[in-house]
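Note sheet for the following structure.
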Amino acid sequence: MDIISKFGERLGDFLFENEWTAEDLSKKIGSSKTRVYEWLSGKSKNTPTLTNLLKLANLFNCSLGYLIGIEDNNIEPSKRVRPAFSCWFRFVVKEKGFTLYSLGKKTNITTNHFYKWINGQREPSLDSLLRISEALDCSLDYLVGRE
């Protein structure tokens, strides 16, 4: 089962547990009902943005790894104030002993993407976040400043 399918399944479980509809969820996170249905289908190529992933994880009080189905146990994220991804990303890369160039080589993500994230011009995709967390050997939550 791929990540998109796992995410759709986990999201459906959360809706069921909370007795919410896709429309309820779309209103709570400020996304379109159509987008929520796409995520629930597990077939959409449109994965949630980092902003929406964080909104969902905060709403359901779960880790990003649990939300997308790559972790079986939910480890509640830290309640501390999350730093802006643009600042935290640069810190984590340096802390893990990488340069943006060496991380790009390891993940096959162009440094141009990194600079757009650092400058707040774009958000990383879920696929990019997964590749980076694997390369840096850290959780998604740590990568985005939630633990």
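Going by this note's numbering, the sequence shown opens with residue 1296, and the numbers climb by one from there.
Just so it is clear, CB atoms sit at the ideal spot from N, CA and C, and this is done for glycine as well.
None of these values were measured; they are calculated from a predicted model.
Here V1376 is exposed, its C-beta having fewer than 16 other C-beta atoms within 10 Å. Within the same chain, N1356, C1357 and S1358 come within 8 Å of E1371 by CB-CB distance, once the 5 residues on both sides are set aside. Residue environment: D1436 is assigned as buried (16 or more neighbouring CB atoms within 10 Å of its CB, all protein chains considered). One thing to note: L1395 has its Cβ within 7 Å of the Cβ of F1409.
Less than 7 Å separates the beta-carbon of G1337 from that of I1299. When N1313, D1297 and L1354 are compared, the shortest CA-CA separation from S1339 is found for D1297.
A distance of 7 Å or more separates the beta carbons of S1428 and L1421.
For A1352, the closest of K1328, T1405, A1379 and I1324 by C-alpha to C-alpha distance is I1324.
Out of S1373, K1301 and P1419, the CA that lies nearest to the CA of E1333 is found in K1301. A buried status is given to T1402, since no fewer than 16 other beta-carbon atoms sit within 10 Å of its beta-carbon. Classified as exposed, G1415 has fewer than 16 neighbouring CB atoms from the shown chains inside 10 Å of its CB. C-alpha of D1308 to C-alpha of E1314: approximately 10 Å in a straight line. With contacts defined as CB atoms closer than 7 Å, K1328 and E1312 fail to qualify as a contacting pair. Per DSSP, reduced to three states, the secondary structure at A1379 is coil, with no helix or strand assignment.
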